[in-house]
Amino acid sequence: MKELLSGNEAIARGAYECGVRFAAGYPGTPSTEIMEAFATYKGVYAEWAPNEKVAMEVGIGAALAGARAMVVMKHVGVNVAADPLFTVSYTGISGALVVVSADDPSLHSSQNEQDNRNYAKFMKIPMLEPSDSQEAKEFIKLAFEISERFDTPVFLRSTTRVSHSKSVVTLEAPKTMEDRTAIRFDAEKYVMVPMNARKRRVEVEKRMRLLEAFAESFPENRMEINDPEVGIITAGMPYHYAKDVFPNYSYMKLGMVHPLPVGLIREFASRVRKLYALEELDPFIEEQVRALGIEVTGKAIFPYTSEFDPGIVERAIIGHDKILRTLPERQLPLRPPNLCPGCPHRGLFYVLGRLKVFISGDIGCYTLAFMKPLEGLHSCICMGASIGMAHGMSKALGEKGRGKVVGVIGDSTFLHSGITPLLNMAYNHSDALIVICDNLTTAMTGMQEHPATGFTLQGEKTMGVDLAKLVRALGIKSVRLVDPYDLKKTRTVLKEELAKPGPSVVISRRACVLFKREKLSPGKPLRIDPEKCTGCMLCLGLGCPPIAWKKLVDPSGDQKKEGKKQQGIAVIDLNICSGCGLCQQLCKSGAIVEQM
Amino acid sequence: MDTKGILIAGVGGQGILLASDILCRVMMAADLDVKKSEVHGMAQRGGCVTSHVRYGQKVYSPIARKNDVDILVSFEKMDTLRYLDFLKPEGTIIINTEELYPPAVNLGDAVYPEDIIESVRQLFGIVKVVDATGLAVRAGNIRAVNTVLLGTLSSCLPLPLELWETVLRNAFSPKLLEANLKAFQLGRAV
Numbered sequence: 000m001k002e003l004l005s006g007n008e009a010i011a012r013g014a015y016e017c018g019v020r021f022a023a024g025y026p027g028t029p030s031t032e033i034m035e036a037f038a039t040y041k042g043v044y045a046e047w048a049p050n051e052k053v054a055m056e057v058g059i060g061a062a063l064a065g066a067r068a069m070v071v072m073k074h075v076g077v078n079v080a081a082d083p084l085f086t087v088s089y090t091g092i093s094g095a096l097v098v099v100s101a102d103d104p105s106l107h108s109s110q111n112e113q114d115n116r117n118y119a120k121f122m123k124i125p126m127l128e129p130s131d132s133q134e135a136k137e138f139i140k141l142a143f144e145i146s147e148r149f150d151t152p153v154f155l156r157s158t159t160r161v162s163h164s165k166s167v168v169t170l171e172a173p174k175t176m177e178d179r180t181a182i183r184f185d186a187e188k189y190v191m192v193p194m195n196a197r198k199r200r201v202e203v204e205k206r207m208r209l210l211e212a213f214a215e216s217f218p219e220n221r222m223e224i225n226d227p228e229v230g231i232i233t234a235g236m237p238y239h240y241a242k243d244v245f246p247n248y249s250y251m252k253l254g255m256v257h258p259l260p261v262g263l264i265r266e267f268a269s270r271v272r273k274l275y276a277l278e279e280l281d282p283f284i285e286e287q288v289r290a291l292g293i294e295v296t297g298k299a300i301f302p303y304t305s306e307f308d309p310g311i312v313e314r315a316i317i318g319h320d321k322i323l324r325t326l327p328e329r330q331l332p333l334r335p336p337n338l339c340p341g342c343p344h345r346g347l348f349y350v351l352g353r354l355k356v357f358i359s360g361d362i363g364c365y366t367l368a369f370m371k372p373l374e375g376l377h378s379c380i381c382m383g384a385s386i387g388m389a390h391g392m393s394k395a396l397g398e399k400g401r402g403k404v405v406g407v408i409g410d411s412t413f414l415h416s417g418i419t420p421l422l423n424m425a426y427n428h429s430d431a432l433i434v435i436c437d438n439l440t441t442a443m444t445g446m447q448e449h450p451a452t453g454f455t456l457q458g459e460k461t462m463g464v465d466l467a468k469l470v471r472a473l474g475i476k477s478v479r480l481v482d483p484y485d486l487k488k489t490r491t492v493l494k495e496e497l498a499k500p501g502p503s504v505v506i507s508r509r510a511c512v513l514f515k516r517e518k519l520s521p522g523k524p525l526r527i528d529p530e531k532c533t534g535c536m537l538c539l540g541l542g543c544p545p546i547a548w549k550k551l552v553d554p555s556g557d558q559k560k561e562g563k564k565q566q567g568i569a570v571i572d573l574n575i576c577s578g579c580g581l582c583q584q585l586c587k588s589g590a591i592v593e594q595m
Numbered sequence: 000m001d002t003k004g005i006l007i008a009g010v011g012g013q014g015i016l017l018a019s020d021i022l023c024r025v026m027m028a029a030d031l032d033v034k035k036s037e038v039h040g041m042a043q044r045g046g047c048v049t050s051h052v053r054y055g056q057k058v059y060s061p062i063a064r065k066n067d068v069d070i071l072v073s074f075e076k077m078d079t080l081r082y083l084d085f086l087k088p089e090g091t092i093i094i095n096t097e098e099l100y101p102p103a104v105n106l107g108d109a110v111y112p113e114d115i116i117e118s119v120r121q122l123f124g125i126v127k128v129v130d131a132t133g134l135a136v137r138a139g140n141i142r143a144v145n146t147v148l149l150g151t152l153s154s155c156l157p158l159p160l161e162l163w164e165t166v167l168r169n170a171f172s173p174k175l176l177e178a179n180l181k182a183f184q185l186g187r188a189v
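Each protein sequence line maps, in turn, to chains C and D. With numbering that gives the first Met the number 0, the residue at position 270 of the first sequence is 269, and numbering never jumps. With numbering that gives the first Met the number 0, the residue at position 13 of the second sequence is 12, and numbering never jumps.
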């Protein structure tokens with residue numbers, strides 16, 4: 000049977016077909032749909048862990064028990080999971096362990112575009128890289144076979160373009176695997192104290208030599224000899240970009256990007272006259288090919304940054320696009336992403352942005368609040384960084400920073416990696432204020448469950464941690480709750496907590512406006528009474544998508560504000576207004592009213 | 000058959016991804032190889048959304064290069080202008096007349112261009128202008144804008160109508176099907 004699947008859906012399907020029944024992960028674009036799709040298959044166990052490190056350790060435990068375990072995360076998630084990964088490379092596993100790393104060239108939805116192929120080399124872990132959905136389904140199976148055969152964790156690397164493109168996939172019946180789980184004792188292999196780890200370190204190098212030999216005969220490292228004039232070594236999606244524009248060139252298509260098949264590469268290089276290494280981001284293949292003493296062209300012509308497309312490949316190799324004609328250039332107003340109409344973050348960040356304090360931000364929808372007109376967020380580095388950074392800044396500023404430093408973090412992000420830095424704040428007498436933007440879900444990636452939502456990934460009811468109690472248990476004495484739809488109360492509480500010495504936490508709680516389970520329909524769409532609107536533009540300060548400014552063509556002489564002629568009025572698009580009422584709270588002339 | 004390309008573009012929330020999914024399923028039903036590509040995530044929060052669909056006997060890249068798209072289906076009037084350079088000179092453009100103002104226009108810092116359709120007509124021979132929102136309302140569901148535009152697209156492709164109808168029947172719940180079939184027909188008749 001044929002089905003149209005995204006790369007992510009195909010990875011989940013492939014895992015299911017080859018008998019994988021255990022997976023753990025943490026949501027993150029572009030990886031999220033892998034776990035969501037896998038969780039729907041019959042007879043599987045799938046969980047969201049609070050963060051990638053925990054997911055990794057859960058996977059390692061399952062693999063040590065003999066299971067085939069899949070662990071899924073975005074590229075920066077591997078940074079969080081790196082600690083256990085570096086060492087599980089030494090121990091190996093009893094069952095099978097595959098780590099899916101979904102990289103994000105072009106930073107479509109990430110804070111950096113790190114190339115995780117480097118981790119494969121750094122950790123001495125083999126890595127496969129599919130180029131489309133059919134390969135994604137097949138390669139995850141191969142990854143599990145390699146993991147079992149060589150007693151090693153294996154990486155499967157995807158990129159946003161592979162994960163989120165859809166193509167035709169041939170489905171197969173799922174295999175049922177015999178249950179190989181059991182408690183097995185092998186302390187010498189699994190207790191990584193120096194005396195054991197030194198021995199395992201040697202095993203890692205033996206394994207790498209075996210894998211290097213295996214790479215030479217791995218059928219997914221394949222040569223396509225056509226025109227011997229030009230040969231391209233490539234992997235992943237760039238293979239398709241090149242085939243699209245240069246179908247007649249010769250190709251060395253690598254299914255395994257670490258370790259590289261050195262013999263095959265030498266042979267390929269000897270059979271073509273001009274050799275290219277085509278890869279997005281780092282010159283990972285290129286440098287290794289050059290180290291073999293082979294002349295190769297790569298980053299001299301292909302960009303280091305951002306994902307490629309067929310046009311970039313064409314331009315780099317033949318020096319120009321297939322430009323048939325040039326169209327007149329026009330400057331168009333941009334469409335930056337924005338907080339949704341009715342987003343609970345809008346009220347909170349409207350207030351925060353006007354307090355003249357430094358706001359140390361974190362990863363989530365609310366990061367968008369850095370933009371005009373809210374300007375309520377001043378830094379964002381990685382998951383959980385807001386709290387430690389706010390504390391550090393507050394300590395460094397001393398008296399100057401009193402009441403001037405705030406950290407903001409979402410509920411899911413707080414549970415991911417905000418707990419330990421908050422404990423640190425209590426422990427080290429911090430003076431900063433932390434605001435937890437609790438919208439009751441992991442909104443940014445599309446409403447995933449977490450340990451405070453009361454549900455598991457597979458929809459089971461479970462405990463939901465009480466954030467206020469958790470924060471108190473960490474040693475924070477001053478904990479307040481606000482509704483960010485109430486601007487006045489939110490402002491008052493934030494000011495009071497900023498004025499207090501010592502660390503405090505404000506939980507700003509209201510469900511994400513897109514979160515269907517909470518069914519919070521805030522109100523009826525609002526409209527602006529043009530007779531009452533004075534054109535003061537206060538409501539525009541919210542940056543709310545339905546509120547627009549209409550210039551008056553002929554400003555009437557009798558409408559005056561502070562002696563100036565009124566220039567225009569605000570209008571609300573009733574089709575997208577959620578009726579949250581924030582603008583109504585700001586309007587001093589009572590011009591914002593319910594639809595008639 | 001060489002690989003052909005269709006680019007569907009607009010603003011997050013307009014049903015672009017569902018439209019391109021349906022288009023791919025029609026191509027599959029016609030026994031063609033097909034790939035599509037779009038980027039999820041930040042783009043959904045009111046940002047630009049594009050979906051490339053490429054089809055033929057054997058498709059490599061899921062995204063097209065400049066000057067290589069056969070049909071541009073633009074769900075938002077001004078956004079048509081962002082993607083013109085993807086089109087082949089002889090390409091077809093389908094434009095929805097709906098205007099969605101970006102924040103800079105809402106704040107009065109930028110002006111929404113007024114000469115969009117005229118300037119597109121000066122550059123391309125085949126331009127179909129569709130009041131998709133109006134037709135969706137006529138069909139009985141204002142959300143069916145994407146199905147209206149698929150209908151118009153179907154009139155530009157040499158594929159049997161039955162294929163489209165079979166795929167549409169599988170794509171919508173019985174509650175939504177009637178309005179969507181109507182929307183498709185109204186779009187096809189443009």
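Note that beta-carbon positions come from the ideal geometry of N, C-alpha and C, so glycine has one too.
Using a Cβ distance threshold of 9 Å, K35 of chain D and S166 of chain C count as a contacting pair. Under the three-state reduction of DSSP, N95 of chain D is assigned to strand.
Distance from G65 of chain C to G94 of chain C at the Cβ level is roughly 4 Å; contact confirmed, criterion being Cβ atoms closer than 8 Å. When C-beta distances to chain C are compared with 8 Å, the residues of the stretch 51-62 of chain D below that value are V58, Y59, S60, P61 and I62, in chain order. In the three-state scheme derived from DSSP, where H, G and I count as helix and E and B as strand, S378 of chain C is classed as strand.
Counted as a single uninterrupted DSSP element, the beta strand (DSSP E) harbouring H257 of chain C occupies residues M255 to H257.
At a C-beta separation below 7 Å, D84 of chain D has these neighbours in chain C: L326. Between the stretch 406-418 of chain C and the stretch 490-498 of chain C there are fewer than three inter-stretch CB-CB distances shorter than 8 Å, so the stretches are not counted as touching.
Unbroken alpha helix (DSSP H) runs of no fewer than 4 residues, entirely contained in the stretch 451-482 of chain C, are found at 466-472, following chain order.
The stretch 57-132 of chain D contains, as complete beta strand (DSSP E) runs of 3+ residues, the segments 68-73, 86-95 and 125-129 (chain order).
Collapsing the DSSP output to three states places P343 of chain C in a helix.
Considering only beta carbons, the part of the stretch 15-37 of chain C lying closer than 8 Å to chain D consists of T28 and P29, in chain order. Contact between E112 of chain C and L280 of chain C holds: their C-beta atoms lie close to 6 Å from each other, under 8 Å. Per DSSP, Y426 of chain C lies in no beta strand (DSSP E); the unbroken alpha helix (DSSP H) holding it starts and ends at I418 to Y426.
In the three-state reduction of the DSSP assignment, E328 of chain C falls in the coil class, being assigned neither a helical nor a strand state. Here DSSP, grouped into helix, strand and coil, assigns F245 of chain C to coil. Comparing C-alpha distances from L86 of chain D to each of D:V189, D:S154 and D:S73 shows the shortest one belongs to D:S73.
DSSP places P309 of chain C in the helix class (H, G or I) of the three-state scheme. The beta carbon of L80 of chain D lies closer than 8 Å to those of P112, I115, S118 and V119 in the same chain, with the five residues before and after it left out. The Cβ of L149 of chain D sits no closer than 9 Å to any Cβ of chain C. Around the beta carbon of I300 of chain C, fewer than 16 other beta carbons lie within 10 angstroms, which makes this residue exposed. Residues of the stretch 216-242 of chain C with a C-beta less than 9 Å from any C-beta of chain D: M236, Y238, H239, Y240, A241 and K242, listed in chain order. Against chain D, the CB of A547 of chain C has a partner CB under 9 Å away; the residue lies at that interface. Following the DSSP letters along the chain, one finds R221 of chain C inside the beta strand (DSSP E) bounded by residues R221 to E223.
Between the beta-carbon of R20 of chain C and that of Y44 of chain C there is about 6 Å, and that keeps the pair under the 8 Å contact cut.
Contacts with chain D (Cβ-Cβ distance below 8 Å) from the stretch 152-170 of chain C involve T159, R160, H163, S164, K165, S166 and V167, listed in chain order. With its beta carbon at least 9 Å from every one in chain D, L551 of chain C lies outside the interface. Put simply, the CB of S36 of chain D is near chain C, with a gap under 9 Å to one of its CB atoms. Between L274 of chain C and I231 of chain C, the C-beta gap is smaller than 9 Å, which places the two residues in contact. The C-alpha of P545 of chain C is placed about 10 Å away from the C-alpha of R526 of chain C. Inclusion of H344 of chain C and C436 of chain C in the CB contact set at 9 Å is warranted, their separation being smaller than that value. Here DSSP, grouped into helix, strand and coil, assigns G60 of chain C to helix. For H51 of chain D, no alpha helix (DSSP H) encloses it; the enclosing beta strand (DSSP E) starts and ends at C47 to G55.
Residue state for I575 of chain C is assigned as coil, using DSSP reduced to three classes. Contacts with chain C at 9 Å (Cβ-Cβ) do not include T96 of chain D. DSSP, read as helix, strand or coil, puts K1 of chain C in strand.
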